[in-house]
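Protein chains: 2
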Amino acid sequence: MAESTPVRFGILGCANIARKVSRAIALAPNATISAVGSRSIEKATAYAKENGYASTTKIYGSYEAVLDDPEVDAVYVPLPTSLHVKWAVLAAQKKKHVLLEKPVALNVKELDVILEECESNGVQYMDATMWMHHPRTAKMKEFLSDSQRFGQLKSVHSTFAYLGDTEFLENNIRVKSDLDALGALGDAGWYSIRAILWTSDYELPKTVTALRDPEFNEAGVILSCGASLSWKDGRVATFYCSFLANIAMDIVASGSKGNLRVHDFVVPFQENVAPFYTVEGSWIGELATSIHPAPSEHQVNTDLPQEALMVKEFSNLVGSIKGEGSKPEKKWPTISRKTQLVVDAVKASIEKGFEPVEIIY
Amino acid sequence: MAESTPVRFGILGCANIARKVSRAIALAPNATISAVGSRSIEKATAYAKENGYASTTKIYGSYEAVLDDPEVDAVYVPLPTSLHVKWAVLAAQKKKHVLLEKPVALNVKELDVILEECESNGVQYMDATMWMHHPRTAKMKEFLSDSQRFGQLKSVHSTFAYLGDTEFLENNIRVKSDLDALGALGDAGWYSIRAILWTSDYELPKTVTALRDPEFNEAGVILSCGASLSWKDGRVATFYCSFLANIAMDIVASGSKGNLRVHDFVVPFQENVAPFYTVEGSWIGELATSIHPAPSEHQVNTDLPQEALMVKEFSNLVGSIKGEGSKPEKKWPTISRKTQLVVDAVKASIEKGFEPVEIIY
Chain A
1 MAESTPVRFG ILGCANIARK VSRAIALAPN ATISAVGSRS IEKATAYAKE NGYASTTKIY
61 GSYEAVLDDP EVDAVYVPLP TSLHVKWAVL AAQKKKHVLL EKPVALNVKE LDVILEECES
121 NGVQYMDATM WMHHPRTAKM KEFLSDSQRF GQLKSVHSTF AYLGDTEFLE NNIRVKSDLD
181 ALGALGDAGW YSIRAILWTS DYELPKTVTA LRDPEFNEAG VILSCGASLS WKDGRVATFY
241 CSFLANIAMD IVASGSKGNL RVHDFVVPFQ ENVAPFYTVE GSWIGELATS IHPAPSEHQV
301 NTDLPQEALM VKEFSNLVGS IKGEGSKPEK KWPTISRKTQ LVVDAVKASI EKGFEPVEII
361 Y
Chain B
1 MAESTPVRFG ILGCANIARK VSRAIALAPN ATISAVGSRS IEKATAYAKE NGYASTTKIY
61 GSYEAVLDDP EVDAVYVPLP TSLHVKWAVL AAQKKKHVLL EKPVALNVKE LDVILEECES
121 NGVQYMDATM WMHHPRTAKM KEFLSDSQRF GQLKSVHSTF AYLGDTEFLE NNIRVKSDLD
181 ALGALGDAGW YSIRAILWTS DYELPKTVTA LRDPEFNEAG VILSCGASLS WKDGRVATFY
241 CSFLANIAMD IVASGSKGNL RVHDFVVPFQ ENVAPFYTVE GSWIGELATS IHPAPSEHQV
301 NTDLPQEALM VKEFSNLVGS IKGEGSKPEK KWPTISRKTQ LVVDAVKASI EKGFEPVEII
361 Y
């Protein structure tokens, strides 16, 4: 597909996060918003206006209508998690490529239904984990993959937290058992789990053990939790995710030869430049009174925000499938499924009284 | 005691770490090295010369001789952990104040013997956890204690690791089951556990659970391990300690209102100035495309290195006891014992197949 034929997106629903992704689609050079659908046509109309959609954008009063539109190539699905399996499956059956918000499913069984449908219909699947697409992520991976600089991964810790206010903790879909039943684990833990798997070259841990005493709301939805992951080779990972702490987005990775640190991995402090920190070959000074060298700061510029790069990458894949008959890229469903497997294992461990849960792939 | 009457230290043994503490005693305004003892008088003589001890320093061919010297007020004990209980107890019985290297004992039962002997003999006890005495530590604590800036502690992670070379991993006392049987847990984990307790205002966790799959040497000594700690109020802590990873000395603490990060908490990168990072009241920018504010760097200067401040603080306490008949300061044995209790719990959890261990205080 030539760059002059952009991938035409349909947006399912008027979620707040869809405003960010709508802007990203507008910014991406190979994508355009073709349609938006909501259960209420008034809501969709207002939403299109508020978000500066082109006047040519089709406005529908149902999700089905978006899926039935032959001028929609791909859908972005920011619906509550409990609705993902229904709408992602229908989209795939209608041959729409699927960019799916996380958490992608309530469990891997549901996700497998989605992934199988995408595969059998030959459509691209990608979860909307935006930070994967920031050029900083590739730069950090270069460091982690360098056997001379970072060496072998020994330990990684990730935190993703933000502080929900009273309104959020009472009314947000992320704390509703019928909408996003995975709570903070699905919403924030998803990122930390992805970060840990990313650091580990997506090798699944052998065992996942939830940290004791997570916090729940009255409906039993997780508001904060954590887990430890182990790989049987001495490698360990831990994470903490929460709706009850100030914003923290950390990855702290220890290798045999170096360390990587980043403190804004999910959403960079600034949109156009993002920092990370490395140190390698550290040594202790005379009389053990100092440590050398101090960590180095790296700043990675980006012309497009990470969510636009995500749309661009997704649209490139869709373009290749449409234009050149390529097969869907398997990397994205594969790492999405691995992330979900770990999410499920943490949840299972919590339910089993913090017993270790083995991951069966 | 007037400042003109410095506390007279006896050094037991010629450990490498004693070189650092000898310099610290020389730097502290209220301390002096009065004697050094080794099992070999030749070794002690050479050591005194190499380390620039004053010609008036008494050189002894045994530890007993140091303890019998009436011109020794206090001893610094850098012997292998397995010898601590014998020599710290003897020192206390001879009315010498005790500055004890960590890990202070092989278990809390041994430590209690030491602490009881120190208490009944009215001598000051302090463990040689140097970073406690850096002015940065007090500045960081100010932030953590500020209910408006940091809020309530929700999560803390600490890593302390360094890479042992072949010589270290084969011959260092820290990997010998008859000398420092706690291995990396006692040597490196001690600091991370102390950091976690310090962050938690020394409130002991309810439960300690070792991370699965620590690494051991052939003699069964721990080379890397970790644990999670929980407090029953949703607060969690995790740590990783290792002889098998590049130097890392991290504390990453999440509060309900702010975050604290430090990456060289055990030994600062530089001797005379040490950084830490805070952020508070974070908020998400328009469309969730940026996070504000970026963390602030704080630099804390110190006129004396942290180990000299430790000697100064210890000597102040000893001076008050000697000169003014004060009672020994209980803070130091109390936090030492709590640290040991958590070390013991991690070890017990490892031995019990990573079962949770309740801390009984």
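Those protein sequences? They're chains A and B, same order as listed.
Per full-length UniProt numbering, the very first residue in the first sequence carries number 1; after that it's consecutive.
Per full-length UniProt numbering, the very first residue in the second sequence carries number 1; after that it's consecutive.
All residues carry an ideal CB built from backbone N, CA and C; glycine is no exception.
query, result
"Check the Cβ-Cβ distances between Asn301(A) and every residue of chain B, and say whether any is below 7 angstroms.", "no"
"Give, in chain order, every residue of the segment 159–170 of chain A whose Cβ lies closer than 7 angstroms to some Cβ of chain B.", "Thr159, Ala161 and Leu163"
"Using a Cβ-Cβ cut-off of 7 angstroms, state whether Val221(A) counts as contacting chain B.", "no"
"Can you confirm whether Pro305(B), when its beta carbon is compared against all beta carbons of chain A, has any partner nearer than 7 angstroms?", "yes"
"Counting only beta-carbon atoms, is Asp201(B) nearer than 7 angstroms to chain A?", "no"
"Hey, out of Leu27(A), Pro29(A) and Ala65(A), whose CA is closest to Ala35(A)'s CA?", "Ala65(A)"
"Which of helix, strand or coil does DSSP assign to Ala2(A)?", "Confidence is the limiting factor: at Ala2(A) the pLDDT is only 46, short of 50, which leaves the residue's position unreliable, though a coordinate-based value still follows. Reduced to three states, the DSSP call for Ala2(A) is coil."
"Please determine if the segment 223–240 of chain B and the segment 192–199 of chain B are in contact, where contact requires at least 3 C-beta pairs separated by less than 8 angstroms.", "yes"
"What residue range is occupied by the uninterrupted alpha helix (DSSP H) comprising Lys58(A)?", "Premise fails: Lys58(A) lies in the beta strand (DSSP E), Lys58 to Tyr60, not in any alpha helix (DSSP H)."
"Are the CB atoms of Ile11(A) and Ala18(A) within a distance shorter than 7 angstroms?", "yes"
"Can you check which of these residues, Lys102(A), Asp112(A), Gln152(A) and Asp68(A), is closest to Leu260(A) by C-alpha distance?", "Gln152(A)"
"Just to make sure I have the definition right: I need the residues of chain B whose C-beta is within less than 7 angstroms of the C-beta of Gln270(A). Which are they?", "Ser290"
"Whole angstroms are fine: how far does the CA of Gln306(A) sit from the CA of Ala31(A)?", "15 angstroms"
"Measuring only between beta-carbons, confirm whether Ser228(B) sits less than 7 angstroms from chain A.", "yes"
"My output table needs one value for Val343(B): the three-state DSSP class, helix, strand or coil.", "helix"
"Counting only beta-carbon atoms, is Met1(A) nearer than 7 angstroms to chain B?", "Because Met1(A) sits at a pLDDT of 42, beneath the cut-off of 50, its placement in the model cannot be relied upon, and the following sentence gives the value as read from the coordinates. Met1(A) does not count as touching chain B."
"For Leu341(A), count neighbouring C-beta atoms within 10 Å of its own C-beta (all shown protein chains included) and say buried if the count is 16 or more, exposed if not.", "buried"
"Are the segment 73–87 of chain A and the segment 47–56 of chain A touching, with three or more C-beta to C-beta distances below 8 angstroms?", "no"
"Select from the segment 249–263 of chain B all residues with a C-beta closer than 8 angstroms to any C-beta belonging to chain A, and list them in chain order.", "Met249, Asp250, Val252, Ser254, Gly255, Ser256, Lys257, Gly258, Asn259, Arg261 and His263"
"Would DSSP call Arg8(A) helix, strand or coil?", "strand"
"Distance check for Ala288(B) and His97(A), CA to CA, integer angstroms please.", "25 angstroms"
"Give the list of continuous alpha helix (DSSP H) stretches no shorter than 4 residues that lie fully inside the segment 185–264 of chain B.", "190–199"
"Have a look at Leu27(B), Leu79(B), Arg136(B) and Ile114(B) and flag the residue whose alpha-carbon is nearest the alpha-carbon of Gln270(B).", "Arg136(B)"
"My output table needs one value for Pro305(A): the three-state DSSP class, helix, strand or coil.", "coil"
"Who are the neighbours of Asp213(B) on chain A, taking C-beta pairs under 9 angstroms?", "Lys206, Thr207, Ser230, Trp231, Lys232, Asp233, Gly234, Arg235 and Val236"
"For Ala161(B) versus Ile350(B), is the C-beta distance shorter than 7 angstroms?", "no"
"Can you list, in chain order, the residues of its chain whose CB lies under 8 angstroms from that of Leu169(A), leaving out five sequence neighbours each side?", "Val175, Asn217, Leu223 and Phe243"
"Does Arg136(A) get closer than 7 angstroms to chain B when you measure Cβ to Cβ?", "no"
"Anything in chain A within Cβ reach of Lys20(B), meaning under 9 angstroms, just list it in chain order.", "Leu287, Ala288 and Thr289"
"Specify whether the segment 59–75 of chain A and the segment 88–108 of chain A touch according to this definition: at least 3 beta carbon pairs, one from each stretch, less than 8 angstroms apart.", "yes"
"With a cut-off of 8 angstroms, do at least 3 Cβ pairs link the segment 194–209 of chain B to the segment 248–266 of chain B?", "yes"
"With a threshold of 7 angstroms between beta-carbons, can Ala294(A) be considered close to chain B, or not?", "yes"
"What residue does the beta strand (DSSP E) around Leu99(B) start on, and which one ends it?", "His97 to Leu100"
"When the Cα atoms are used, what is the spatial distance from Ala128(B) to Leu100(B)?", "6 angstroms"
"Residue range of the alpha helix (DSSP H) that Val85(B) falls in?", "His84 to Gln93"
"Since Val267(B) meets chain A, which of its residues come closer than 8 angstroms, beta carbon to beta carbon?", "Ile284, Ala288, Thr289, Ser290 and Ile291"
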